[in-house]
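To start, the structure itself, in structure tokens.
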Amino acid sequence: MLLWIIIVLASLPALAVYLYQKLHYHRFVQYASWPQMEPSLLWGHLKKLNEFIERGVRQRHVDMVFTEIKEHLGNPPVYLLDVRPAQGYVLGIICSHEVAEQVTKSSKIFPYSVPKTPTMDFMEPMIGPRSVLSNQGEQWKALRRRFNPGFAPQHLLGLLPCILDRSWRFFEILDSYAASGEEFALDELCINLTFDIIGAVTMDEDFRAQSGKEAQSEIVKLYRDINISYRRSGNGTRPHWMQPLQTLRRRQMSRRLDVVLQSRIRDRFAEIKEQSAKKSRSVVSLSFQDTDELTQSILEETCDQIKTFLFAGHDTTSILLQWAFYELSRTPRALDAIRRELDEIFGPDPSPSVVRESLLAPGGDQLIQRMSYVSAVIKETLRLYPPAGSGRYVPPGSGFNVQLPDGSSLCLDGVSVYSCDSIMQRDEAVYGPTKDDFIPERWLGDTDTSMQTSTESKTPGGAGKIPASAWRPFERGPRNCIGQELANLEARVILACAVRRYDFTKVGLGEVLQDGSGKPILNARGQYEVNSKLYNIMQITAKPVDGTMMRVGLTPGSPSTLQEGY
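Listed below in structure tokens is the structure:
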């Protein structure tokens with residue numbers, strides 16, 4: 048026994064040397080070719096990262112911190128954050144649209160682009176384990192093929208009546224706030240609106256999200272409970288082992304939601320198979336067009352896609368609407384321009400019912416195509432306030448290299464890379480000194496909001512300087528967002544109906560400043576000065592910190608009540 052103790056004690060120095068050398072290699076040698084802050088032997092970049100977080104408002108979105116680190120490092124196209132052992136991978140922050148394009152396009156090594164990051168598993172209770180958002184390879188391709196028909200542009204135009212019908216309650220609520228003068232959280236209204244739309248479009252289901260909590264569908268209630276659980280636990284980004292009870296509760300809520308959704312799916316499938324049933328145009332119904340039997344595997348797969356569409360479908364559009372209404376409210380030039388365009392298309396009557404009737408009449412789809420400035424507002428809003436970036440992971444030994452703007456190459460093997468849209472879409476080399484300013488006019492000449500545009504094309508409205516790959520809120524390449532056309536259609540329709548009837552006024556953070564005579568102060572950039580900057584925080588995705596507190600009023604000339612059917 049004594050001999051064994053002596054042997055163990057004698058080997059400790061050698062073990063210590065081995066561990067030191069291994070740790071030294073991981074911290075200082077393994078990724079030495081990457082731009083990075085000075086690492087700590089023990090903590091990597093965790094302490095430095097925390098120092099940057101503490102320099103500003105702690106709750107600000109992490110993309111703002113990444114931007115500050117990029118500037119500290121001299122604005123490299125990529126840089127490394129060694130966050131081990133908090134996470135099992137080093138993190139590569141992509142700041143260049145040229146590098147991001149190489150990661151997200153098809154290649155010989157990765158035909159469907161670089162795989163999604165395994166760190167997405169924290170979202171599994173929200174989107175399910177078989178989600179089109181997180182699946183890889185041929186499984187992803189089969190899912191995408193199955194659900195693509197429900198998101199085809201021409202099919203979505205056929206759902207315009209559904210989108211307009213669900214929007215009516217939204218305008219009713221805005222009218223009530225206009226009459227009372229109360230402050231309200233715009234995010235709650237936009238979230239409920241987009242929940243109702245996505246429920247109708249994907250499942251042909253009335254979620255009643257805008258009808259008050261008691262009347263809301265059980266699906267909405269359960270989904271929101273899961274969502275709230277992320278907000279209360281660091282947005283779910285901490286490892287599961289650091290929050291075991293919260294992780295367990297979240298999975299229990301997810302299973303309850305699965306039971307409800309799978310019951311609805313069975314009902315829908317049975318209805319579809321009844322020849323006498325009214326043909327449904329929902330995304331789920333179209334996904335069953337080649338399905339003869341609802342197996343357990345198909346049932347679970349469909350359930351996970353619905354959860355994914357509920358998450359992505361309500362989130363992106365609600366965030367887009369909040370920021371668009373806010374930026375228009377403080378940019379009089381842009382508000383005048385969008386209203387003039389809508390007057391030209393729909394006539395001078397600002398009633399949402401006029402827009403509705405015109406869009407549902409023959410040729411209504413052509414009117415949507417004429418909304419150039421509306422589309423420019425959407426594009427500029429998504430440029431400044433993208434809901435999320437894209438996380439990918441290059442497995443060790445892949446031999447995957449990217450070319451940097453200076454012509455050098457960098458191997459990404461073993462790195463979890465994060466394409467930071469908030470950095471790339473405010474790149475001064477692309478957008479110039481107005482990179483942080485809300486200027487929809489920069490997109491006039493290219494208001495296409497599709498992610499299919501080639502890398503080489505450039506925006507005429509940007510004086511030929513904006514490559515297509517520098518605008519990527521729906522990501523690019525084969526794994527671009529399946530629901531992007533729905534999000535754009537919703538936003539166009541809702542903005543077209545709302546911006547001429549309502550005047551929004553920000554309350555609290557981001558409120559417009561007034562001069563001594565009570566008039567708003569216009570700055571040199573054509574925007575009203577504000578008391579403090581409205582910023583994003585992380586609530587799974589990037590959302591305005593205060594819920595976008597607003598007051599709303601009716602514009603001069605608007606009828607005091609909504610017309611029938613609006």
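Just so we're aligned: the sequence shown equals residues 48 to 613 in this note's numbering.
Every residue, glycine too, gets a C-beta built ideally from N, C-alpha and C.
request  = Starting from the Cα of Tyr440, find the closest Cα among Pro433, Asn448 and Pro434 and give me that residue.
outcome  = Nearest C-alpha to Tyr440: Asn448.
request  = For Lys354, count neighbouring Cβ atoms within 10 angstroms of its own Cβ and tell me buried if that reaches 16, exposed if not.
outcome  = By the 10 Å Cβ count, Lys354 comes out buried.
message = Less than 9 Å between the C-beta atoms of Leu609 and Phe218, yes or no?
response = Yes, they are a contact pair.
Inter-residue Cα distance where the pair is Leu127 and Val424 = Whole-angstrom Cα-Cα distance: 34 Å.
Three-state secondary structure (DSSP) of Met84 = In this structure, Met84 counts as coil in the three-state DSSP scheme.
request  = Let me know the secondary structure DSSP gives Val97 once reduced to three states.
outcome  = In the sequence on display, residue 97 carries Asn and not Val. Three-state result, Asn97: helix.
ask   = Measuring CB to CB, does Arg430 end up less than 9 Å from Tyr373?
value = For the pair Arg430 and Tyr373, the CB atoms are not nearer than the 9 Å cut-off.
task = In angstroms with no decimal places, state the Cα-to-Cα distance between Asp272 and Phe521.
result = Their Cα atoms are separated by approximately 26 Å.
message = Rounded to the nearest angstrom, what separates Met84 and Phe75 at their Cα positions?
response = Distance between the alpha carbons of Met84 and Phe75: 11 Å.
inquiry  = Suppose the cutoff is 6 Å on Cβ atoms and the five residues either side in sequence are ignored; what does the same chain contact list for Glu475 look like?
reply    = Excluding positions up to five away in sequence, the list reads Lys482.
9 Å Cβ cutoff met for Val125 and Ser143 = Result yes, Cβ atoms of Val125 and Ser143 sit closer than 9 Å.
message = Give me, in chain order, the residues of the same chain whose beta-carbon lies closer than 7 Å to that of Asp468; leave out the 5 immediate sequence neighbours on both sides.
response = Pro433, Gly436, Arg519 and Pro520, listed in sequence order.
inquiry  = Suppose you measure from the CA of Arg403 to the CA of Glu98; what does that come to, to the nearest Å?
reply    = Rounded to whole angstroms, Arg403 to Glu98 spans 52 Å at the Cα level.
task = Could you check if Gly135 is buried or exposed, using at least 16 other CB atoms within 10 Å of its CB as the buried criterion?
result = So Gly135 counts as exposed.
query = Beta carbon of Leu406, beta carbon of Leu207: below 9 Å?
reply = Yes.
inquiry  = I'd like the ranges of any beta strand (DSSP E) spanning at least 3 consecutive residues and lying wholly in the segment 182-270.
reply    = Counting only unbroken stretches of 3 or more residues, no beta strand (DSSP E) element lies wholly within the segment 182-270.
ask   = What residues are listed by DSSP as bridge partners for Asp550?
value = According to DSSP, Asp550 bridges with Gly600.
ask   = Alpha carbon to alpha carbon, how far is Thr588 from Asp362?
value = If you take the alpha carbons of Thr588 and Asp362, they lie about 8 Å apart.
query = Nearest CA to the CA of Ile392: which residue from Ala256, Leu414 and Tyr277?
reply = Between Ile392 and the set Ala256, Leu414 and Tyr277, the nearest pair of CA atoms involves Leu414.
task = Can you give me the Cβ contacts of Met300 inside the same chain, cut-off strictly under 8 Å, excluding the 5 residues immediately before and after it?
result = Closer than 8 Å at the Cβ level, and outside the excluded window around Met300, lie Pro172, Leu269, Asp272, Ile273 and Ser276.
query = Cα separation between Ile385 and Val307?
reply = The C-alpha of Ile385 lies about 42 Å from the C-alpha of Val307.
ask   = Do Leu368 and Leu542 come within 9 Å of each other at the CB atom, strictly closer than that value?
value = Their beta carbons are under 9 Å apart, which means Leu542 touches Leu368 by this criterion.
query = How should Asn535 be labelled, buried or exposed, when 16 other C-beta atoms within 10 angstroms of its C-beta is the threshold for buried?
reply = Classification of Asn535: buried, given that the 10 Å Cβ count is 16 or more.
request  = Going by CA-CA distance only, name the one from Gly557, Ser334, Tyr575 and Ala571 that's closest to Gly565.
outcome  = Shortest Cα-Cα distance from Gly565 to any of Gly557, Ser334, Tyr575 and Ala571 involves Tyr575.
task = For Ala423, name the three-state secondary structure that DSSP assigns.
result = Of the three classes helix, strand and coil, the one that applies to Ala423 here is helix, per DSSP.
inquiry  = DSSP has Thr448 in a bridge; who is on the other side?
reply    = Looking at the sequence shown, residue 448 is not Thr but Asn. Beta-bridge pairing by DSSP links Asn448 to Cys458.
task = Assign Lys590 to one of two classes, buried (16 or more other C-beta atoms within 10 Å of its C-beta) or exposed (fewer than that).
result = Buried, since its Cβ has 16 or more Cβ neighbours within 10 Å.
request  = Go through its chain and collect everything with a Cβ distance to Val401's Cβ below 6 Å, but skip five positions before and after it.
outcome  = Around Val401: Phe393.
query = In angstroms, rounded to a whole number, what distance separates the CA positions of Pro82 and Thr338?
reply = Cα-Cα distance, rounded: 51 Å.
query = Can you tell me whether Glu261 is buried or exposed, with buried defined as 16 or more other CB within 10 angstroms of its CB?
reply = So Glu261 counts as exposed.
task = Report the partner residues of Lys440 according to the DSSP bridge assignment.
result = Residue identity check: residue 440 is Tyr in the sequence provided, not Lys. In DSSP, Tyr440 forms a bridge with Ser463.
key: DSSP-derived helix/strand/coil call for Val125   = Strand.
task = Starting from the C-beta of Pro162, find all residues in its chain whose C-beta is less than 7 Å away, skip the five residues before and the five after it, and write them out in chain order.
result = Gln183, Arg439 and Tyr440, listed in sequence order.
ask   = Helix, strand or coil for Lys590 per DSSP?
value = In the three-state reduction of the DSSP assignment, Lys590 falls in the strand class, which pools E and B.
ask   = Between the Cα of Arg555 and the Cα atoms of Pro397, Met597, Phe485 and Pro525, which residue gives the shortest distance?
value = The question names Arg, yet the displayed sequence has Gly at residue 555. For Gly555, the closest C-alpha among the options Pro397, Met597, Phe485 and Pro525 is that of Met597.
query = If you draw a straight line from the C-alpha of Pro86 to the C-alpha of His92, how long is it?
reply = Those two C-alpha atoms are separated by around 5 Å.
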